[in-house]
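Engineer:
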Amino acid sequence: MKLGLIGKGIANSSSPDLHARLGSLAGIDVSYDLFDVDARPIASLEDKVRALIDEGYRGVNVTYPFKEQALALADDISVGARRVGATNTLVFEGGRIIADNTDFSGFMSGYRATLGERPPGRVLLVGTGGVGKAAAFAVAELGATDVRLADLDTARAEALASELRHAGFTAQAVDAATLGEQAAQCDGLINCTPIGHEKSPGCPLDPSVLRPDHWIFDAVYVPAVTEFVAAARQAGAGVMSGVSLFVFQGVDAFKRFCEDEHQRAAADEQAASLFAHYRRELLKENL
0 MKLGLIGKGI ANSSSPDLHA RLGSLAGIDV SYDLFDVDAR PIASLEDKVR
50 ALIDEGYRGV NVTYPFKEQA LALADDISVG ARRVGATNTL VFEGGRIIAD
100 NTDFSGFMSG YRATLGERPP GRVLLVGTGG VGKAAAFAVA ELGATDVRLA
150 DLDTARAEAL ASELRHAGFT AQAVDAATLG EQAAQCDGLI NCTPIGHEKS
200 PGCPLDPSVL RPDHWIFDAV YVPAVTEFVA AARQAGAGVM SGVSLFVFQG
250 VDAFKRFCED EHQRAAADEQ AASLFAHYRR ELLKENL
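Numbers 0 to 286, taken from numbering that gives the first Met the number 0, label the letters of the sequence shown in order.
(1) Measuring CB atoms only, is the segment 219 to 238 touching the segment 75 to 84, in the sense that at least three cross pairs come out at less than 8 Å?
(2) Starting from the Cα of Glu280, find the closest Cα among Ser13, Pro211, Gly26 and give me that residue.
(3) Would Asn285 be called buried (16 or more neighbouring beta carbons within 10 Å of its own) or exposed?
(4) Is the closest heavy atom of the ligand SAH to the C-beta of Lys66 under 7 Å?
(5) Is DSSP giving Glu67 helix, strand or coil here?
(6) By the DSSP assignment, the alpha helix (DSSP H) with Arg255 in it spans what residues?
(7) From the DSSP secondary-structure annotation, give me the bridge partner or partners of Glu92.
(8) Comparing C-alpha positions only, which one of Ala19, Ala143, Pro64, His261 sits nearest to Lys1?
(9) Roughly how many angstroms lie between the CA atoms of Tyr220 and Tyr110, to the nearest whole one?
(10) Under the DSSP definition of a beta bridge, which residues are partnered with Lys198?
(11) In three-state terms, what does DSSP make of Leu2?
(12) For Ser77, collect the residues of the same chain with a Cβ closer than 7 Å to its Cβ; drop the 5 residues on either side in sequence, then sort them by chain order.
(13) When the Cα atoms are used, what is the spatial distance from Asp28 to Gly22?
(14) Taking all protein chains shown into account, do 16 or more other C-beta atoms lie within 10 angstroms of the C-beta of Gly79, making it buried, or fewer, making it exposed?
(15) Does Gly115 pass the burial test, meaning 16 or more other C-beta atoms within 10 Å, or should it be called exposed?
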């Protein structure tokens, strides 16, 4: 089964390793290629996807900055992808492109695996692009009482707040200049910007705002221990790293790529052990 990932700055992604492991567990011969537009620019996302279909790929994952663009290529769109307005998983089947959003389902699984039954409470989310949309809907679905959205593109944050309210959740766009004040009023702090990635180092929030009663999520997982994760650990806050989302969205995507229910079940059964593996390997946790 030929799979791949299209994105920017993905040379050190662990996705090939994850999907190879899942393939081995499910009894499938899997290849997983990285298509990093930093290393090899593409004319357009559509041209690249059509070329991969012609080359016999079963599907691809899509990451920054293509998650919203990719949705426009789909013939069929899952409920999750339609709700979020972005896709991270394209499946090629019968001449059609099927779009799903396993960031949405993966966030919820990762939250429960890391933070258990802890109520999300009031949440500040910074960065309202593709993964930000998925995280916003997922944390709202998990029971967040108020989702506050900040983005340098204020119109985008306001649009997402409107979509969340339309879906029945409590949400509002907030001024990016007031992040410290907003963080002080919230229980959960979510980074869905590229800040903290190895190519965009830094911390999305001033570490001084972090408290022991906070929980945080950082969508960045290269490096696994970002400045935000390190600061949250230092403050004694609950931490859901990008490794959580990486593993659980990956398992859900792999299940979409599989054509056999037994293969899907085999992958699903290994999610917990794979999560433990990557926590040891990437986060250096002693489990």
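Quick reminder that beta carbons are idealized off the backbone N, C-alpha and C, glycines included.
Structural biologist: In this structure, then:
(1) Contact between the segment 219 to 238 and the segment 75 to 84 is absent, because fewer than three Cβ pairs lie under 8 Å.
(2) For the residues Ser13, Pro211, Gly26, the minimum Cα distance to Glu280 belongs to Ser13.
(3) Exposed, because fewer than 16 other Cβ atoms sit within 10 Å of the Cβ of Asn285.
(4) Only the bare structure without any ligand can be found here, which leaves the ligand SAH out of the picture.
(5) Glu67 falls in the helix class under three-state DSSP.
(6) Unbroken alpha helix (DSSP H) run through Arg255: 241 to 256.
(7) DSSP lists Arg95 as the bridge partner or partners of Glu92.
(8) Considering only alpha carbons, the answer is Ala19.
(9) It is roughly 15 Å from the alpha-carbon of Tyr220 to the alpha-carbon of Tyr110.
(10) Answer is none; Lys198 lacks a bridge partner.
(11) Reduced to three states, the DSSP call for Leu2 is strand.
(12) Closer than 7 Å at the Cβ level, and outside the excluded window around Ser77, lie Ala98, Asp99, Asn100.
(13) Looking at the backbone, the Cα of Asp28 and that of Gly22 are separated by about 6 Å.
(14) Gly79 is classed as buried because its beta carbon has at least 16 other beta carbons within 10 Å across all chains shown.
(15) Around the Cβ of Gly115, a 10 Å sphere holds fewer than 16 other Cβ atoms; the residue is exposed.
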